[in-house]
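Chemist: Start counting the sequence shown at 1471; every next residue gets the next number (our numbering). No residue lacks a Cβ here, since even glycine has one placed at the ideal position from N, Cα and C. Can you read through this structure? Questions will come right after.
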Amino acid sequence: MTEPYQPRYQWKRTQLDENDPPTDLDWCGFDGMAYIGRIRKDTAGPTAGKWQWAAAYPRELRDKRILPNTGFVDTARIATQMVEEFWDRALSRIKD
1471 MTEPYQPRYQ
1481 WKRTQLDEND
1491 PPTDLDWCGF
1501 DGMAYIGRIR
1511 KDTAGPTAGK
1521 WQWAAAYPRE
1531 LRDKRILPNT
1541 GFVDTARIAT
1551 QMVEEFWDRA
1561 LSRIKD
């Protein structure tokens, strides 16, 4: 049996402001101080129950987009993996 993916970056519950208490349904990822992306669970509509992932681009790649950088998956762990693997691919392009 394959071990579940283990996140390698830091994840924090999203809090937009003091009136928006963080929940377990919305997370932002960080590589040190760099924002790498966000995951959130959709609770309504055709994607209800799915986790949306949206990866950020490093500043150096803003004009050289890698796609896809967003999507829907079944679990938070897979969404985390999608963001982290996207971030790693983006960083490897900067080094090339």
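Check Arg1478 in the structure and name its three-state DSSP category.
Modeler: coil
Chemist: Looking at Ala1549: is its Cβ nearer than 9 Å to the Cβ of Asn1539?
Modeler: Their beta carbons are not under 9 Å apart, which means Ala1549 does not touch Asn1539 by this criterion.
Chemist: Considering just the uninterrupted stretch of the beta strand (DSSP E) at Arg1508, what are its terminal residues?
Modeler: Ala1504 to Lys1511
Chemist: Output the distance between the C-alpha atoms of Asp1496 and Thr1472, rounded to the nearest integer angstrom.
Modeler: One C-alpha to the other measures close to 26 Å.
Chemist: Reducing DSSP to helix, strand and coil, say where Arg1532 ends up.
Modeler: coil
Chemist: Please state whether DSSP places Thr1540 in a helix, a strand or coil.
Modeler: strand
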